[in-house]
Amino acid sequence: MLPPHLGFLIHVVIEVPACLSFALFPSRQLGMHTPHAHAVIRQYAALILASVLVAMVFANRPPDDTAGKVAAALAVYHVAPSIRSANRLARQARFRKPIIVSEAFLYLVVHVICFAALLCDAWSALYMESHP
1 MLPPHLGFLI
11 HVVIEVPACL
21 SFALFPSRQL
31 GMHTPHAHAV
41 IRQYAALILA
51 SVLVAMVFAN
61 RPPDDTAGKV
71 AAALAVYHVA
81 PSIRSANRLA
91 RQARFRKPII
101 VSEAFLYLVV
111 HVICFAALLC
121 DAWSALYMES
131 HP
């Protein structure tokens, strides 16, 4: 069995570097310098930071119904980056570019792992709460 808060911890480890990258290097996300878009990217960094802080709070408390619901909500967050990465992989495949050793593949694997771990946290917290 997995540790009770593994999903929250993985979320923190995965999203802190992403948050820093979005906040400090917004041009890497866009490929061009556009001040208004940079503001949106930096706002996204703030939202990621908020999710990291929430995950840190729940990583340090006993599993309960609320922790399970928060874990499920954070798991849903990881669906969009997974879809984005899968779409990038599909484009790479169409152009016959390497897939396994690509940034998109790494991001897909990381977000799927985080999604699964958070879903496990949610399931175990909600199940334990209803079946003491």
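According to the UniProt record's numbering, the stretch in the sequence shown is residues 1 to 132, in order.
C-beta atoms are modelled at their ideal positions from N, C-alpha and C, and glycine is treated no differently.
Query                                                                                                      : Result
Rounded separation between residue 6 and residue 23 - CA only                                              : 26 Å
Residues near residue 42 in its chain [Cβ-Cβ closer than 8 Å; skip 5 each side]                            : 22, 23, 26
DSSP state of residue 78 mapped onto helix, strand, coil                                                   : coil
Environment of residue 14 [buried if 16+ CB atoms lie within 10 Å]                                         : buried
Option in 111, 88, 115 with minimal Cα separation from residue 102                                         : 88
Inter-residue Cα distance where the pair is residue 106 and residue 49                                     : 21 Å
Simplified DSSP state of residue 128, which is helix, strand or coil                                       : helix
C-alpha gap between residue 98 and residue 92, whole angstroms                                             : 7 Å
Alpha-carbon to alpha-carbon, residue 95 and residue 70                                                    : 39 Å
Cβ neighbours of residue 10 in the same chain (closer than 8 Å, five flanking residues each side left out) : 113, 114, 117, 118
DSSP three-state assignment for residue 58, whether helix, strand or coil                                  : helix
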